[in-house]
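The structure appears right after this line, and notes come after that.
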């Protein structure tokens, strides 16, 4: 009985130490951010060396004008035969790889070889995507209209 009480007290002390350490670390990180009252810019102070982020950032530090060059690299939406990580994922069984699934993967790739987005979606400069799982978290939440606001909705059938 004495050993169980000791272990319980030890775990309680460890949890308390972790929580207090996290709060101390968070307070220190928040101390680094100083908000200016008179403008929309943010000053980050790191050891008395401040850096002012210009007017391209809002009051909370979010970028207002997104540079579209960040997303200009074309990438295939679906896997193809030239996927460069095939060799690595062939070694592991599902869900970590495709070991033993070669025929199924080839069949899927042959069916989706010519799959493209609709011309209306291809013409958009910026596409907003959402992946909605089937775990039941969104059930009866009345979020259907919010989900339908996205350009591409991916609903995996697992």
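In our numbering, the protein residues as written are 620 to 777.
For glycine and all other residues, C-beta sits at the position ideal for the given N, C-alpha and C.
Original post:
Can you give the beta carbon distance from residue 744 to residue 769, rounded, assuming they're within the 8 Å contact cut?
Top reply: As a position in the chain shown, residue 744 is number 125, starting the count at 1. As a position in the chain shown, residue 769 is number 150, starting the count at 1. Taking a contact as a CB-CB distance under 8 Å, the pair residue 744 and residue 769 does not count as one, their CB atoms being some 15 Å apart.
Original post:
If residue 775 and residue 753 are in contact, beta carbons under 8 Å, what's the gap, nearest whole angstrom?
Top reply: As a working mapping, residue 775 is identified with position 156 in the chain shown. As a working mapping, residue 753 is identified with position 134 in the chain shown. Yes, residue 775 and residue 753 are in contact; Cβ-Cβ is about 7 Å, under 8 Å.
**OP:** From the DSSP output, read off the bridge partner residues of residue 773.
**Re:** As a working mapping, residue 773 is identified with position 154 in the chain shown. Partner residues in the beta bridge of residue 773, as assigned by DSSP, are 750.
**OP:** Along the alpha helix (DSSP H) that carries residue 730, what are the first and last residues, could you check?
**Re:** Working through the chain shown from its first residue, we reach residue 730 at position 111. For residue 730, the enclosing alpha helix (DSSP H) begins and ends at 721 to 730.
Original post:
Roughly how many angstroms separate the alpha carbons of residue 704 and residue 627, rounded to a whole number?
Top reply: Reading the chain shown from its first residue, position 85 is the one you call residue 704. Reading the chain shown from its first residue, position 8 is the one you call residue 627. When rounded, the distance between both Cα atoms is 47 Å.
Subject >> Own chain, CB closer than 8 Å to residue 631, minus 5 neighbours either side, in chain order >> reply: To locate residue 631, count along the chain shown from 1; it is residue 12. Within the same chain, residue 631 has no close Cβ partners at all.
Original post:
Taking Cβ positions, are residue 710 and residue 719 nearer each other than 9 Å?
Top reply: The residue given as residue 710 occupies position 91 in the chain shown. The residue given as residue 719 occupies position 100 in the chain shown. Not a contact, by the Cβ cut-off of 9 Å.
Original post:
Apart from the five residues on each side of it in sequence, which residues of its chain come closer than 6 Å, Cβ to Cβ, to residue 724?
Top reply: For the purposes of this step, residue 724 is taken as residue 105 along the chain shown, with counting starting at 1. Answer for residue 724: 717, listed in chain order.
Original post:
Taking just the CA atoms, how far does residue 677 sit from residue 641?
Top reply: The residue you call residue 641 lines up with position 22 of the chain shown. The residue you call residue 677 lines up with position 58 of the chain shown. Inter-residue distance for residue 641 and residue 677 is about 28 Å (C-alpha atoms, whole angstroms).
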